[in-house]
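So the first sequence is numbered by our numbering: it starts at 30 and just counts up by one.
All remarks here apply to the structure that follows.
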Amino acid sequence: MGSRVKRISFSDKVYALCKKIPKGKITTYKIIGRELGRRGQIYRAVGVALNKNKSKSVPCHRVVKSTGNIGGFARGVNVKIKLLKKEGIMIKNRKIVNFEKVLFRF
DNA sequence: GTCGTGACTAGCC
DNA sequence: CGGCTAGCCACGA
């Protein structure tokens with residue numbers, strides 16, 4: 030009976046979590062990695078996964094650095110900032126304002 | 001099976 | 001406060 034093989038890769042899990050992020054909130058690469066249950070600094074792989082998935086089907090623009098910096102974006106950091114601002118996130122100097130207030134924890 | 005890359009993080013001066 | 005280095009993980013060729 031168990032012919033249901035879920036070939037879910039690490040990257041796929043990252044996308045799933047990104048979709049879980051509510052509008053107006055953001056998260057960090059570290060938190061995502063931590064939710065995946067892996068030990069160590071896997072946040073590096075998280076960025077790589079999102080970078081390859083430049084599809085807008087995933088709100089990956091809601092993911093920022095743990096330091097509150099915007100980080101990067103496959104379409105351009107400028108676009109990322111604009112999207113976040115539209116969601117209600119305040120950004121100044123490429124940094125998140127009230128970072129802890131808009132930070133979403135799983 | 002091995003090597004290199006990348007949207008990161010923390011520590012140090 | 002600001003900038004730089006080293007370390008770690010997953011994926012592709």
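Every residue, glycine too, gets a C-beta built ideally from N, C-alpha and C.
Exercise. Are R102 and L46 closer than 9 Å when you measure CB to CB?
Worked result: As a first step, residue 102 is located in the first sequence; it is residue number 73 there, counting from the start. As a first step, residue 46 is located in the first sequence; it is residue number 17 there, counting from the start. For clarity, residue 102 is Phe in the given sequence; the question names Arg instead. No, they are not a contact pair.
Exercise. Between K48 and V87, which are expected to be in contact by the criterion C-beta below 8 Å, what is the C-beta distance as a whole number of angstroms?
Worked result: Locating residue 48 in the first sequence gives position 19, counting from the first residue. Locating residue 87 in the first sequence gives position 58, counting from the first residue. About 6 Å; that satisfies the 8 Å criterion.
For this session: Compute the beta-carbon to beta-carbon distance between N107 and K124, rounded to the nearest angstrom, for a pair I have assumed lies under 8 Å.
Result: Numbered from 1 along the first sequence, position 78 holds the residue referred to as residue 107. Numbered from 1 along the first sequence, position 95 holds the residue referred to as residue 124. Contact doesn't hold; Cβ gap of about 14 Å is too wide.
For this session: Please classify K111: does DSSP put it in a helix, a strand, or coil?
Result: Position 82 of the first sequence, counted from the first residue, corresponds to residue 111. The answer is helix: DSSP assigns K111 an H, G or I state.
For this session: Would you grab the beta carbon distance between V75 and Y58 for me? Rounded to a whole angstrom, and I think it's under 8 Å.
Result: Your numbering for residue 75 matches position 46 in the first sequence. Your numbering for residue 58 matches position 29 in the first sequence. The Cβ separation is near 5 Å, so the contact holds.
Exercise. Along the chain, where does the alpha helix (DSSP H) that runs through C47 open and close?
Worked result: Translated into positions along the first sequence, residue 47 becomes position 18. Start and end: F39 to K49.
For this session: Please say whether G100 and G53 have beta carbons closer to each other than 9 Å?
Result: In the first sequence, residue 53 corresponds to position 24, counting from 1. In the first sequence, residue 100 corresponds to position 71, counting from 1. The answer is no: Cβ separation not under 9 Å.
Problem set entry | Bridge partners - N98, DSSP secondary structure assignment | Translated into positions along the first sequence, residue 98 becomes position 69. Paired residues: K124.
Problem set entry | Whole-angstrom distance between N82 and I120, CA atom to CA atom | To locate residue 120, count along the first sequence from 1; it is residue 91. To locate residue 82, count along the first sequence from 1; it is residue 53. Cα to Cα, the separation comes out at about 24 Å.
For this session: Over the uninterrupted alpha helix (DSSP H) stretch that includes L79, give me the two end residues.
Result: Position 50 of the first sequence, counted from the start, is the residue given in the question as residue 79. Here the alpha helix (DSSP H) through L79 covers Y72 to K81.
Exercise. With DSSP run on the structure shown, which of helix, strand or coil describes I55?
Worked result: One-based indexing of the first sequence puts residue 55 at position 26. In this structure, I55 counts as strand in the three-state DSSP scheme.
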